[in-house]
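The working numbering applies: residue 25 is where the sequence shown begins, and numbers increase by one.
Every residue gets a Cβ at the ideal spot worked out from N, C-alpha and C, and that includes glycine.
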Amino acid sequence: MSVDNNLPVASRELPPVEFGRRHVFWENRRIAWRIPVRSLVVSAVLLVVIIAGGLYSMTIGAYGISFGAVMDAIVNPAADPDIRQVVFEWRLPRVLFAVLCGAALALSGGIFQSLTRNPLGSPDIIGFGIGAQFGVTLLMLVFNLNTYAFKAVGALVGGLLTALLVYFLANKHVMSSFRLIIVGIGVSAGLGSLTSWILITVSVEKAMMAATWGAGSLASLGFDQLIPAAIVFVLVVCVALPLNRTLPVLEMGDDAATALGIHPARTRFSAMVIGVALVALVTAAAGPISFIALAAPQIAQRLIRSNTPMGTLPVMLTGAALVVVSDGAAQLLEVPVGVVTVSVGGLYLAWLLARQYSRRA
25 MSVDNNLPVA SRELPPVEFG RRHVFWENRR IAWRIPVRSL VVSAVLLVVI
75 IAGGLYSMTI GAYGISFGAV MDAIVNPAAD PDIRQVVFEW RLPRVLFAVL
125 CGAALALSGG IFQSLTRNPL GSPDIIGFGI GAQFGVTLLM LVFNLNTYAF
175 KAVGALVGGL LTALLVYFLA NKHVMSSFRL IIVGIGVSAG LGSLTSWILI
225 TVSVEKAMMA ATWGAGSLAS LGFDQLIPAA IVFVLVVCVA LPLNRTLPVL
275 EMGDDAATAL GIHPARTRFS AMVIGVALVA LVTAAAGPIS FIALAAPQIA
325 QRLIRSNTPM GTLPVMLTGA ALVVVSDGAA QLLEVPVGVV TVSVGGLYLA
375 WLLARQYSRR A
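1. Run through the DSSP bridge pairs and tell me what Asn331 is partnered with.
2. Between which two residues does the alpha helix (DSSP H) harbouring Tyr172 extend?
3. Three-state secondary structure (DSSP) at Asp96?
4. Can you round the beta-carbon distance between Leu346 and Gly126 to whole angstroms, since I take them to be within the 8 Å contact cut?
5. Please state whether the Cβ-Cβ distance between Ile149 and Gly208 is less than 9 Å.
6. Just the Cα atoms here: how many angstroms apart are Ile154 and Ser220?
7. Could you tell me whether the segment 281-295 touches the segment 317-328, where touching means 3 or more Cβ pairs closer than 8 Å?
8. At 4 residues or longer, and completely inside the segment 64-134: list those alpha helix (DSSP H) runs for me, N to C.
9. Is it true that the CB of Val306 sits closer than 9 Å to the CB of Ala128?
10. To the nearest angstrom, how far is the alpha carbon of Ala68 from that of Leu337?
11. Leaving aside the five residues before and after Phe121 along the sequence, list all residues of the same chain whose C-beta is less than 8 Å from its C-beta, in chain order.
12. Counting only C-beta atoms, is Gln157 closer than 9 Å to chain C at any point?
13. Label Met296 either buried or exposed according to how many other C-beta atoms from any shown protein chain fall within 10 Å of its C-beta, with 16 as the threshold for buried.
14. DSSP state of Ile286, grouped into three classes?
15. Give the secondary structure of Met276 by DSSP, where H, G and I count as helix, E and B as strand, and everything else as coil.
16. Relative to the alpha-carbon of Val190, which residue among Ala179, Val65, Arg203, Gln137 has its alpha-carbon at the smallest distance?
17. Whose CA, out of Ile286, Val160, Ala156, lies closest to the CA of Ser212?
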């Protein structure tokens, strides 16, 4: 192929760029997308796992329903009304809440891990989840405000105040991810002590109520809580979409991000607010569900072979699949879902720490 050197650069026919992996391209006059085929395949597989796990979890409960009866209740309006009531009013909201909570926690974890450039930089470790839990505990036990709206306010305010405290304590001229994690662990320990102090100063009934909520459970959640939570989640995700482009650039360093037109401090602060809002959304509805924010971004990053944990759709689907499967296991074991995620997440954290240490050694 010959190229006329007298033509402007924009009008020459340039060879296609080879990205090393297969991609799906889509573009119009304003928007251009380049999506790796592997990400699409992984997302499709995760979606199948979510649907299969959700359908199976709807067969579990005191009122046993077969898998075929669940499918018939979903697709057939003339099915047994009692079964349809159990499926649609009791068990479907729980499955949808599991999807929402998993997606929100995973996206929050991806934001913080990209922000700190550290696989340990999740809201569970840094302490933002403990801050949201402390805010809800304070409103529930001290001020006797136990409605969903007040829980949401307490979780958001508690998480944001914790984030601001950690941010300003760790921000010494240049933000260090190691310093952010260490300061977050210290603040988390302090807030955990305050939460324990509140629990031992109230009545036994209030303490048991707070302990049950603090275990993290999706039981007794219906569409009354799901609809407002879903609306807030969609709004926060829309606000978080630009971070999918800016945070990977920020991972290269503040100087490189500034040279590419990104304001590091502003981007970092807005990312922290969005991440805390996602954690607060889950904490207000279901209580603290630990380790999903830590594990999901790393699992998704390995599945799609990405260089950054900030991959919005695969990360959210990974988190949703983890919570749906964990909630199904929790129903079989008759324990809150938070107990299952803590048990599995603790093993994952030990493996991750051992892997990090072996790399440095």
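With the structure as the only source:
1. DSSP lists no partner for Asn331.
2. Boundaries of the alpha helix (DSSP H) around Tyr172: 172-194.
3. In the three-state DSSP reduction, Asp96 falls in the helix class (H, G or I).
4. About 6 Å separates the beta carbon of Leu346 from that of Gly126, a gap short enough to meet the 8 Å contact definition.
5. It is a contact, given that the beta carbons lie within the stated cut-off.
6. One Cα belongs to Ile154, the other to Ser220, and the distance between them is close to 12 Å.
7. The segment 281-295 is not in contact with the segment 317-328.
8. Whole alpha helix (DSSP H) segments, 4+ residues: 91-99, 105-109.
9. The answer is yes: Cβ separation under 9 Å.
10. Those two C-alpha atoms are separated by around 11 Å.
11. Exclusion of the five residues before and after Phe121 leaves Leu242, Leu245, Gln249, Leu250, Ala253, Ala309, Ala310 as the residues of its chain whose Cβ lies within less than 8 Å of its Cβ.
12. In summary, chain C is missing from the structure at hand, where a single protein chain is found.
13. Here Met296 is buried, its C-beta having at least 16 other C-beta atoms within 10 Å.
14. Residue state, collapsed to three classes: coil.
15. In this structure, Met276 counts as coil in the three-state DSSP scheme.
16. Measuring from the Cα of Val190, the nearest candidate turns out to be Arg203.
17. Here the closest residue by C-alpha is Ala156.
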